[in-house]
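Here it is, written out as structure tokens:
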């Protein structure tokens with residue numbers, strides 16, 4: 111999917127909500143556990159109930175790999191279900207990969223070509239040749255970690271490199287890479303006060319913003335400095351939406367939570 | 111496996127060789143492609159021919175994920191084959207994972223518990239709470255990227271943070287994390303001149319050293335500064351060994367390459 115198509119979908123739905131699909135068997139509604147494929151049934155119900163309120167879904171790959179073969183099968187079924195039934199939806203493989211060139215190339219093929227995701231998250235530590243193989247794939251995005259929402263972000267990301275925080279060096283350096291127009295960045299909502307600084311370096315790029323809700327970030331704060339003329343934000347909520355209820359009404363409960371965020375977004379977009 | 115058991119295996123085999131299992135269908139011996147499971151057949155033949163010459167195998171997870179379900183199945187079959195037939199062998203899931211705590215916890219379970227690897231590689235960018243869930247698992251190791259073998263290592267890893275290179279800050283900081291005794295570090299052989307500096311910070315820790323052979327690193331240089339009283343090195347070779355021949359003799363050819371490295375290591379250990 112191109113950036114223009116994503117923006118058009120956002121304007122149409124008046125939403126820049128991304129829903130994280132992090133299915134955890136311990137948290138799934140109990141009545142689903144008896145079905146043959148509880149994780150896929152869960153994802154399918156959540157997607158069917160919320161697809162008109164969000165523009166993107168973000169399966170967190172760890173939550174599938176932990177179930178081995180069966181988990182990988184659920185991941186395939188989920189992305190296929192999305193691509194077949196809701197082709198307008200933007201999809202993000204939250205994988206945080208990154209390795210030497212020929213290995214990154216394999217990950218890029220796996221997520222962007224074979225599975226058919228629109229984008230994949232990557233880690234910057236190994237530099238240019240670990241990210242460029244992802245960027246090389248046409249009409250796909252690579253979403254690189256810049257400033258994350260967790261406490262550990264302060265261990266290295268905000269440390270100063272020649273008087274400039276590491277995450278700023280990461281942002282600046284990445285702009286010089288080949289096909290850098292395909293880059294988006296992960297910036298945590300719990301670090302809202304940093305958005306103004308980040309927008310000085312990447313005034314146009316889309317930012318994927320986790321940490322609204324369960325992790326404590328605030329939507330208004332993020333939008334105040336993060337929003338651009340072309341929106342430029344995908345705000346993710348996972349647990350706050352998908353685990354809104356553990357009962358048979360879980361999908362409706364998820365839709366209610368999503369609707370609340372979408373309404374807030376619609377007001378902001380005005 | 112404990113560090114002591116690994117050291118004992120190294121002393122017994124007079125080898126600190128790790129063989130990377132990066133199976134690429136485009137590079138596999140042609141006669142294997144007709145078999146039902148060419149990747150597993152390839153791995154099995156390589157393992158059977160080389161297990162007495164090395165102490166560890168390191169499947170690179172990207173090379174399995176790129177084949178989807180079938181690839182994941184091959185990964186499971188490979189680690190099961192190793193654990194059942196060669197329980198003395200140390201196994202490394204080269205996955206370079208790292209995410210917020212609850213996600214890292216899922217990856218840790220996937221690779222160290224469910225699949226049963228002895229260790230997994232992780233990326234440090236997200237800091238303490240992204241790595242500690244891996245460190246929490248008993249008698250397993252977490253192998254964190256410090257200074258990698260690729261060109262992109264110079265983008266961020268060698269940049270100075272308060273007059274100290276980032277990779278040094280990563281090494282120093284990680285020593286303060288809970289269960290840091292379970293840490294090993296990735297240090298590329300192409301950066302041999304840095305080993306002396308690294309040993310000042312982590313005098314005892316095991317270093318996993320990729321980049322000998324195909325990537326141009328030199329074993330003598332690495333050992334000169336990297337070797338400790340308890341060896342402290344696992345030197346990896348992937349392509350130089352497993353793709354030594356594309357013919358029916360591929361496993362023997364791999365063993366010859368492995369034997370050459372093992373012999374060199376035996377001389378160094380004296």
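Residue numbers (the numbering used here), protein chains in the order written: chain H, 111 to 380; chain A, 111 to 380. Built from N, CA and C at the ideal position, the CB exists for glycine as well.
- When the cut-off is 9 Å and only beta carbons count, does residue 262 of chain H lie next to chain A? Residue 262 of chain H counts as touching chain A.
- Task: Ignore the nearest five residues each way along the sequence and tell me which others in residue 139 of chain A's own chain have a CB closer than 7 Å to its CB.
- Result: Cβ within range, chain order: 356, 357, 358, 360.
- Other residues of its chain near residue 149 of chain A: CB distance less than 6 Å, five sequence neighbours each side excluded: Around residue 149 of chain A, the same chain offers 133, 184 as residues with beta carbons nearer than 6 Å, after the five sequence neighbours per side are excluded.
- Exposure of residue 162 of chain A, with buried meaning 16 or more beta-carbon neighbours within 10 Å: The residue in question, residue 162 of chain A, is exposed, as its Cβ has fewer than 16 Cβ neighbours within 10 Å.
- Taking 8 Å as the threshold, find out whether the stretch 262-275 of chain H comes into contact with the stretch 275-289 of chain A through three or more Cβ pairs. With a cut-off of 8 Å, the stretch 275-289 of chain A and the stretch 262-275 of chain H count as touching, because enough Cβ pairs lie within range.
- Message: Tell me which residue opens and which closes the alpha helix (DSSP H) that residue 292 of chain H is part of.
- Response: Careful: residue 292 of chain H lies outside any alpha helix (DSSP H) and carries neither H nor E.
- Item | Spatial neighbours of residue 290 of chain A in its chain, beta-carbon cut-off 8 Å, leaving aside the 5 residues before and after | Counting only Cβ-Cβ distances below 8 Å, and skipping sequence neighbours, we find 245, 284.
- Nearest-angstrom Cα separation, counted from residue 130 of chain H out to residue 173 of chain H: One alpha carbon belongs to residue 173 of chain H, the other to residue 130 of chain H, and they sit about 11 Å apart.
- Under 7 Å (Cβ pairs) to chain H, residues found in the stretch 214-241 of chain A: If the cut-off is 7 Å between Cβ atoms, the stretch 214-241 of chain A has 216, 217, 219, 220, 224, 233, 234, 235, 236, 237, 238, 239, 240 near chain H.
- Grouping DSSP H, G and I as helix and E and B as strand, with all else coil, what is residue 254 of chain H? Strand, per DSSP.
- Task: Verify the CB distance criterion: does residue 103 of chain H have a CB-CB separation below 9 Å to chain A?
- Result: Summary: the structure shown does not reach residue 103 of chain H, with chain H confined to residues 111 through 380, and so no result is reported for it.
- Query: Three or more beta-carbon pairs under 8 Å between the stretch 204-221 of chain H and the stretch 166-182 of chain A, yes or no?
  - Reply: With a cut-off of 8 Å, the stretch 166-182 of chain A and the stretch 204-221 of chain H count as touching, because enough Cβ pairs lie within range.
- When burial is assigned at 16 or more other CB atoms within 10 Å of the CB, is residue 310 of chain A buried or exposed? Residue environment for residue 310 of chain A: exposed (fewer than 16 other C-beta atoms within 10 angstroms of its C-beta).
- Task: With 8 Å as the C-beta to C-beta threshold (strictly closer), list the residues of the stretch 244-276 of chain A near chain H in chain order.
- Result: Contact residues of the stretch 244-276 of chain A toward chain H are 255, 258, 259, 260, 261, 262, 263, 264, 265, 266, 267, 269, 270, 271, 272, 276 (C-beta to C-beta distance below 8 Å).
- chain H partners of residue 173 of chain A, CB-CB under 7 Å? Neighbours of residue 173 of chain A on chain H, chain order: 216.
- Message: Can you pull out the residues from the stretch 159-183 of chain A whose beta carbon lies closer than 7 Å to at least one beta carbon of chain H?
- Response: Per Cβ criterion, the list reads 170, 172, 173, 175, 176, 178, 179, 182, 183.
- Task: Run through the stretch 111-148 of chain A for me and flag every whole alpha helix (DSSP H) of 4 or more residues, listed as ranges in chain order.
- Result: Look at the stretch 111-148 of chain A and you find these whole runs of alpha helix (DSSP H), each 4 residues long or longer: 113-123.
- Message: Which residues in chain A have a C-beta closer than 8 Å to the C-beta of residue 285 of chain H? List them in chain order.
- Response: Within chain A, no residue comes near residue 285 of chain H; the closest Cβ sits about 12 Å away, beyond 8 Å.
- Message: My output table needs one value for residue 199 of chain A: the three-state DSSP class, helix, strand or coil.
- Response: DSSP places residue 199 of chain A in coil when its eight states are reduced to three.
- Query: Going straight from the alpha carbon of residue 338 of chain A to that of residue 314 of chain A, what length do you get?
  - Reply: Roughly 7 Å separates the two Cα atoms.
- Item | Straight-line Cα distance separating residue 156 of chain H from residue 353 of chain H | Their Cα atoms are separated by approximately 10 Å.
- Write down the C-beta distance between residue 152 of chain H and residue 343 of chain H rounded to the nearest angstrom, noting that I regard them as a contact closer than 8 Å. Wrong, their Cβ atoms sit about 27 Å apart, outside the cutoff.
- Starting from residue 211 of chain H, find everything on chain A with Cβ-Cβ shorter than 8 Å and list it in chain order. The contacting residues are 260.
- Task: Please report how far the alpha carbon of residue 116 of chain H lies from the alpha carbon of residue 286 of chain A, in whole angstroms.
- Result: C-alpha separation (whole angstroms): 43 Å.
- residue 250 of chain A vs residue 228 of chain A beta-carbon contact at 9 Å: Yes. Within cutoff.
- Chain-ordered chain H contacts of residue 332 of chain A [CB-CB under 7 Å]: The CB of residue 332 of chain A never comes closer than 7 Å to any CB in chain H; the least such distance is about 17 Å.
- Item | Endpoints, the alpha helix (DSSP H) within which residue 174 of chain A is located | Counting along the chain, the alpha helix (DSSP H) containing residue 174 of chain A begins and ends at 172-175.
- Return the residue from the list H/368, H/364, H/346 that minimises the CA-CA distance to residue 203 of chain H. It is H/346.
- Message: Between the alpha carbons of residue 261 of chain A and residue 254 of chain H, how many angstroms are there, rounded?
- Response: Our two residues, residue 261 of chain A and residue 254 of chain H, have alpha carbons roughly 18 Å apart in a direct line.
- Residue burial classification, residue 380 of chain A (beta-carbon count within 10 angstroms, cutoff 16): It is exposed - the Cβ of residue 380 of chain A has fewer than 16 other Cβ atoms within 10 Å.
- Query: Can the beta-carbon of residue 122 of chain A be found less than 9 Å from the beta-carbon of residue 200 of chain A?
  - Reply: No, these two residues do not count as a Cβ contact at 9 Å.
- Query: Quick one: is residue 206 of chain H near chain A, going by C-beta distance under 9 Å?
  - Reply: Judged by the 9 Å Cβ criterion, residue 206 of chain H is in contact with chain A.
- Among H/316, H/303, H/349, nearest to residue 330 of chain H - alpha-carbon criterion: When only C-alpha atoms are compared, the closest one is H/303.
- Task: Starting from the Cα of residue 232 of chain A, find the closest Cα among H/209, H/226, H/240 and give me that residue.
- Result: Nearest of H/209, H/226, H/240 to residue 232 of chain A, Cα basis: H/209.
- Message: If you reduce the DSSP assignment to three classes, tell me which class residue 273 of chain A lands in.
- Response: Reduced to three states, the DSSP call for residue 273 of chain A is coil.
- Query: Taking Cβ-Cβ distances shorter than 9 Å, what residues in chain A pair up with residue 280 of chain H?
  - Reply: From the beta-carbon of residue 280 of chain H, the residues of chain A found nearer than 9 Å are 235, 265, 266.
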